[in-house]
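Peer 1: In UniProt numbering, the protein residues as written are 1 to 446.
This is the structure I want to talk about, given as structure tokens.
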């Protein structure tokens, strides 16, 4: 079981991050004319963890009476569903808002930029390339592509921009060769082209220059940073980490079954499940009902160990699966993560079974190990085929079973189906396991 120690590193690191929750605070850069500007970064992958951050920071900006919000964008894109939710948050913000694309606003990032009242770009920035792909790396189905194209176009139109360019970012069939996007290529705009088509109000080198252009020089700037809990939630809800956590949970449970008492493996398994649901709860993906379903599922599985039969354990497993899918941002992605965890768990279970068997740890309490051997007083059914052909007589009436006498020994016998009277001469014609079948002998004395 020494290999169990290898699982310790990941949970310990995560717990250290968890302990740092709340250490990050807004950074005030300066004061001036009385204007209040909130700077909110949109960085890395667009997912539901980012949604929780945007919801909190825009709410705080509104409560503080901010005069302007600058969304600093640098993202390669992400999940369409998360982009939808974040776009709704940005749409509902009633404070003047500017998107500043520092490096890239690709895919879902360009979609979010379109919800700003105005867009500025750094000299090296790009936006566009918003085609959506499935988890297997292939183009999404026609229904999803149609929806995304309409969403991009509507977002652009709502901001007073021509929708054709947003649609060309999402639909490679639109032919715009003058912008290096012929049919078959997604539209990507640099600062010059974006300014030309009205998707940018200008190019600035940094935030200071942007504030000057916006007439906010000397304003009090509050730079929002992600709290440790929000950063941890983003980390824990990524597809890769979800697969790792579920695999650790399954493997920890299997190893624990082979270990005496409750030990490190079981603790890692439980900790992995806790981290999974903690991250999804902070990201707003798992509510109280998910927690209740999880606890019920675990309770039923524990009850199965005391009341064997399979029903409680099966219901418990279904309850846990239901909780996992209820907490999922993407059901298909969650299904893939569960499949990976299942394969990993089965592989470890097979290895442990081959090396240890089923007589170790907790399994010894639920797996029958007693053997019915002759030295313990157990005797199997005797092979009595040597009786075939013997003649004797019935001692009792056969209806159709009874007792007969053969070579001075009493034998339990059965007729071929008919009644045979007591004292009737019979012959053993067949032995079927413990059944000795006889047939009457007419006109013969024994």
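Every residue, glycine too, gets a C-beta built ideally from N, C-alpha and C.
Small disclaimer: the values here were computed from a predicted structure and weren't measured.
Do the stretch 69-77 and the stretch 94-105 meet, that is, are 3 or more Cβ pairs less than 8 Å apart?
Peer 2: Yes, they touch.
Peer 1: For the candidate residues 299, 126, 352 and 298, whose alpha-carbon lies nearest to that of residue 179?
Peer 2: Taking only the C-alpha atoms, the option nearest residue 179 is 126.
Peer 1: Which one of 409, 80, 301 and 437 has the shortest CA to CA distance from residue 385?
Peer 2: The candidate whose alpha carbon is nearest that of residue 385 is 437.
Peer 1: Measuring straight from C-alpha to C-alpha, what distance separates residue 224 and residue 75?
Peer 2: One C-alpha to the other measures close to 17 Å.
Peer 1: From residue 181 to residue 274, what does the alpha carbon distance come to, in whole angstroms?
Peer 2: If you take the alpha carbons of residue 181 and residue 274, they lie about 47 Å apart.
Peer 1: Counting only runs that start and end within the UniProt domain "NfeD integral membrane" (241-354), where is the alpha helix (DSSP H) found for 4 or more residues in a row?
Peer 2: You should have 264-282, 288-306 and 311-326.
Peer 1: Contact check, residue 327 vs residue 285 under 8 Å by CB: the rounded distance?
Peer 2: Sure, about 5 Å apart at Cβ, within 8 Å.
Peer 1: As a quick exercise: from 46, 95 and 80, pick the residue whose alpha carbon is nearest that of residue 62.
Peer 2: Here the closest residue by C-alpha is 95.
Peer 1: Residue 98 bridges to which residues according to DSSP?
Peer 2: Bridge partners of residue 98: 70 and 118.
Peer 1: Please check the pair residue 390 and residue 406, which I expect to be a contact at CB under 8 Å, by giving their CB distance rounded to whole angstroms.
Peer 2: Their Cβ separation, rounded to whole angstroms, is 5 Å, which keeps residue 390 and residue 406 in contact under 8 Å.
Peer 1: Could you spell out the range, first to last residue, of the beta strand (DSSP E) harbouring residue 84?
Peer 2: Run containing residue 84: none in the beta strand (DSSP E); it sits in the alpha helix (DSSP H), 80-92.
Peer 1: Evaluate residue 401 with the Cβ neighbour count: other Cβ atoms within 10 Å of its Cβ, from every protein chain shown; 16 or more gives buried, anything less gives exposed.
Peer 2: Counting Cβ neighbours within 10 Å, residue 401 comes out exposed, since fewer than 16 surround it.
Peer 1: Run the CB neighbour count on residue 87, radius 10 Å, all protein chains shown included, and call it buried at 16 or more, exposed below.
Peer 2: Flag for residue 87 reads buried.
Peer 1: Quick one: using the 10 Å Cβ neighbour count with 16 as the cut-off for buried, is residue 38 buried or exposed?
Peer 2: It is buried - the Cβ of residue 38 has at least 16 other Cβ atoms within 10 Å.
Peer 1: Contact between the stretch 198-218 and the stretch 311-320: three or more CB pairs below 8 Å?
Peer 2: At 8 Å Cβ cutoff, the stretches do not touch.
Peer 1: Count the other C-beta atoms from every protein chain shown that fall within 10 angstroms of the C-beta of residue 306, then say buried if there are 16 or more, exposed otherwise.
Peer 2: Under this definition residue 306 is an exposed residue.
Peer 1: For residue 247, which residues of its own chain have a beta-carbon under 6 Å away from its beta-carbon, when the five flanking residues on both sides are left out?
Peer 2: Hits under 6 Å: 341 and 344.
Peer 1: Please state whether DSSP places residue 27 in a helix, a strand or coil.
Peer 2: In this prediction, residue 27 scores a pLDDT of 48, lower than 50, which makes its location untrustworthy; no coordinate-derived value is stated.
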